[in-house]
Amino acid sequence: MDIWINLNGKFVKKKEAKISIFDHGLLYGDGVFEGIRSYRGRIFCLDEHVKRLYSSAHFIMLKPPLSLEEMKKEIILTVRKNQLQDAYIRVVVTRGEGDLGLDPEKCPRASYFIIADKIELYPSEIYERGLELVTVSTRRNPTFSLDPQVKSLNYLNNILAKIQGKKAGCIEAIMLNQEGWVLECTGDNIFIVENGTLVTPPTFVGVLDGITRDVVMKLAKQLGIPCSEEVFSCYRLYNADECFLTGTAAEIVPVVKIDDREIGSGKPGEITERIKKEFQKVTRKGTPVYETGKG
Ligand code: PXG
509 MDIWINLNGK
519 FVKKKEAKIS
529 IFDHGLLYGD
539 GVFEGIRSYR
549 GRIFCLDEHV
559 KRLYSSAHFI
569 MLKPPLSLEE
579 MKKEIILTVR
589 KNQLQDAYIR
599 VVVTRGEGDL
609 GLDPEKCPRA
619 SYFIIADKIE
629 LYPSEIYERG
639 LELVTVSTRR
649 NPTFSLDPQV
659 KSLNYLNNIL
669 AKIQGKKAGC
679 IEAIMLNQEG
689 WVLECTGDNI
699 FIVENGTLVT
709 PPTFVGVLDG
719 ITRDVVMKLA
729 KQLGIPCSEE
739 VFSCYRLYNA
749 DECFLTGTAA
759 EIVPVVKIDD
769 REIGSGKPGE
779 ITERIKKEFQ
789 KVTRKGTPVY
799 ETGKG
């Protein structure tokens, strides 16, 4: 079935949704993006995602061609136009068309597009049995080179790590920083459980301030599970009682083996399962797509 793409505020069919080969988003990765989900016709954490998109854009001095509030409306309209209930939404803002040359001033108009499509989930056995992961040698871009908070169109650092992980037979890979501290995966944050306490790396070591990560920390508080942001090494990772990943696409994924070491019992942990259940409940509380009068 054809899907409708929102290209600069106009709905066009997938086949006709084209951007210039001179767009600096393509030529240089000069742009920003967000990945968002809707559950049962409700967009989860819409405000948080759009805010992060605009913060990423602000950091790279890119002015989206519409306001934050207008962008939220366009996202809602795109999900509605495609009559989706459970969707994966990709919002991209690029520097726009320009001459060759890095200079962003060569691009007079920023461009944006929104894709809302059916969500492709990881196979269910991954959630039931848990993931096996490896740490890879590709280090995460340091904050002083490109702040990992910026969800830029240049994801090559993470793609290189993903390739390494896949070559080792894993669908995700754990990235470290230059000092060897555990950071996150290529598109997911990481948590460990130690003696009943959740531990996740603090954002200052160079991890994305993930929206799912934040939701999980809030859920842990409500459930009375202690949670702390701490820098940790592979030693603590291998010896944790439990481990799981968080991300918009993946939600909560148990991890049962890392670098050939079993984590805890080698099965998805009890606290991981509790968090997963609670997370599924909160995803029902997103912004409704079909109830408001807009559009
Ligand atoms: N770390 C990184 C580096 C990410 O890119 C996350 C953690 C999780 O953050 P959220 O806010 O989603 O909880 C991300 C974001 C995809 C895709 O299409 C997903 C992300 C990035 C790029 C592509 O699956 N996840």
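Quick note: the sequence shown uses the working numbering, first residue 509, plus one each step. Beta carbons: idealized from backbone N, C-alpha and C, even for Gly. Fair warning: this is a prediction, and the values are worked out from it, not measured in the lab.
* Asked: Can residue 480 be considered in contact with the ligand PXG, in the sense that its beta carbon sits closer than 7 Å to one or more heavy atoms?
  -> Outside the displayed span of the chain (509 to 803) sits residue 480, for which this structure offers no information.
* Distance, Cα to Cα, residue 701 vs residue 605? -> One-based indexing of the sequence shown puts residue 701 at position 193. One-based indexing of the sequence shown puts residue 605 at position 97. Answer to the nearest angstrom: the Cα atoms are 47 Å apart.
* Asked: In chain order, which continuous runs of the alpha helix (DSSP H) of length 4 or greater are located wholly inside the region 565–601?
  -> 576–589
* Asked: Can you pull the DSSP bridge partners for residue 637?
  -> Stepping through the sequence shown from its first residue, residue 637 is reached at position 129. Paired residues: none, contrary to the question.
* Asked: In chain order, what residues place their C-beta within less than 6 Å of a heavy atom belonging to the ligand PXG?
  -> 543, 666, 692, 695, 696, 697, 716, 718, 719, 720, 721, 754, 755, 756 and 757
* To do: Please state whether DSSP places residue 546 in a helix, a strand or coil.
  => Translated into positions along the sequence shown, residue 546 becomes position 38. In this structure, residue 546 counts as strand in the three-state DSSP scheme.
* To do: Pick out the complete beta strand (DSSP E) segments inside the region 752–790, 3 residues or longer, and give them in chain order.
  => 759–766
* Asked: Under the rule that 16 or more other beta-carbon atoms within 10 Å means buried, what is residue 638, buried or exposed?
  -> Here residue 638 is taken as the residue at index 130 of the sequence shown, counted from 1. Buried, because 16 or more other Cβ atoms sit within 10 Å of the Cβ of residue 638.
* Give the range of the alpha helix (DSSP H) segment to which residue 623 is assigned. => By 1-based counting over the sequence shown, the position of residue 623 is 115. Looking at the DSSP string, residue 623 is not in any alpha helix (DSSP H); the run it does join, the beta strand (DSSP E), is 619–626.
* Please go through the same chain and pick out, in chain order, the residues whose beta-carbon is closer than 8 Å to the beta-carbon of residue 540, but skip the five residues on each side of it. => Taking the first residue of the sequence shown as 1, we reach residue 540 at position 32. Result list for residue 540: 561, 564, 565, 568, 570, 600, 601, 658, 659, 660 and 661, in chain order.
* To do: Assign residue 670 to one of three DSSP states: helix, strand, or coil.
  => Counting from one through the sequence shown, the residue named residue 670 turns up at place 162. Look at residue 670 here: in three-state DSSP terms it is helix.
* Going by DSSP, which residues form a beta bridge with residue 683? -> Position 175 of the sequence shown, counting from 1, holds the residue named residue 683. 692, per the DSSP bridge assignment.
* Asked: Alpha carbon to alpha carbon, what distance is there between residue 712 and residue 739?
  -> Your numbering for residue 739 matches position 231 in the sequence shown. Your numbering for residue 712 matches position 204 in the sequence shown. In a straight line, the C-alpha of residue 739 is about 9 Å away from that of residue 712.
* Looking at the structure shown, is residue 720 part of a helix, part of a strand, or coil, going by DSSP? -> One-based indexing of the sequence shown puts residue 720 at position 212. If DSSP states are grouped into helix, strand and coil, residue 720 belongs with the helices.
* To do: Tell me whether residue 616 sits in a helix, a strand or coil according to DSSP, three-state version.
  => The sequence position of residue 616 within the sequence shown is 108, counting from 1. In the structure shown, residue 616 sits in coil (DSSP, three-state: anything other than H, G, I, E or B).
* **As assigned by DSSP and simplified to three states, the class of residue 654** => Taking the sequence shown and counting its residues from 1, one reaches residue 654 at position 146. Looking at residue 654 - three-state DSSP - the assignment turns out to be coil, as it is neither helix nor strand.
* To do: Output the distance between the C-alpha atoms of residue 725 and residue 607, rounded to the nearest integer angstrom.
  => Residue 725 sits at position 217 when you count from the first residue of the sequence shown. Residue 607 sits at position 99 when you count from the first residue of the sequence shown. About 45 Å.
* In angstroms with no decimal places, state the Cα-to-Cα distance between residue 665 and residue 646. => Along the sequence shown, read from residue 1 onward, the residue named residue 665 stands at position 157. Along the sequence shown, read from residue 1 onward, the residue named residue 646 stands at position 138. Answer to the nearest angstrom: the Cα atoms are 7 Å apart.
* Determine the extent of the alpha helix (DSSP H) in which residue 742 is found, giving its start and end residues. => As a first step, residue 742 must be located in the sequence shown, where it is residue number 234. Here the alpha helix (DSSP H) through residue 742 covers 742–746.
* Nearest CA to the CA of residue 706: which residue from 756, 727 and 572? -> Residue numbering aside, residue 706 sits at position 198 when the sequence shown is read from its first letter. Residue 727 is the option with its Cα nearest to residue 706.
* Asked: From this set, 767, 773 and 777, which residue's C-alpha is nearest residue 752's C-alpha?
  -> Counted from its first residue, the sequence shown places residue 752 at position 244. Closest option to residue 752, Cα to Cα, is 777.
* When we look at the beta-carbon of residue 696 and count the other beta-carbons within 10 Å, is it buried (16 or more) or exposed? -> In the sequence shown, the residue the question calls residue 696 occupies position 188. Buried, because 16 or more other Cβ atoms sit within 10 Å of the Cβ of residue 696.
* **Endpoints, alpha helix (DSSP H) assigned at residue 535** => If you number the sequence shown from 1, residue 535 lands on position 27. Note, residue 535: alpha helix (DSSP H), 532–536.
* Presumed contact (8 Å Cβ cut-off) between residue 691 and residue 648, rounded CB distance -> Taking the sequence shown and counting its residues from 1, the one referred to as residue 691 is at position 183. Taking the sequence shown and counting its residues from 1, the one referred to as residue 648 is at position 140. Their Cβ separation, rounded to whole angstroms, is 5 Å, which keeps residue 691 and residue 648 in contact under 8 Å.
* Asked: When the Cα atoms are used, what is the spatial distance from residue 557 to residue 620?
  -> Here residue 557 refers to the residue found at position 49 of the sequence shown. Here residue 620 refers to the residue found at position 112 of the sequence shown. So the alpha carbons of these two residues sit roughly 15 Å apart.
* To do: With DSSP as the reference, please indicate the residues paired to residue 795 in a beta bridge.
  => Position 287 of the sequence shown, counted from the start, is the residue given in the question as residue 795. Per DSSP, the beta-bridge partners of residue 795 are 551.
* Asked: Grouping DSSP H, G and I as helix and E and B as strand, with all else coil, what is residue 522?
  -> Here residue 522 corresponds to residue number 14 of the sequence shown, with the count starting at 1. Correct three-state label for residue 522: helix.
* **Outcome for residue 510 when other beta-carbon atoms lying within 10 angstroms are tallied against a minimum of 16** => Sequence index remark: in the sequence shown, residue 510 carries index 2 (1-based). Sixteen is the threshold: since fewer than 16 other Cβ atoms of the shown chains lie within 10 Å of the Cβ of residue 510, the residue is exposed.
* Just reading off the beta strand (DSSP E) that residue 515 is part of, what are its end residues? -> Locating residue 515 in the sequence shown gives position 7, where the first residue counts as 1. 512–515 is the span of the beta strand (DSSP E), which, as asked, contains residue 515.
* Per-residue burial, residue 631 [other beta carbons within 10 Å of its own, 16 or more giving buried] -> Within the sequence shown, residue 631 is the residue found at index 123, counting from 1. Result: exposed.
* Cβ pair count under 8 Å reaching 3, the region 752–764 against the region 729–738 -> no
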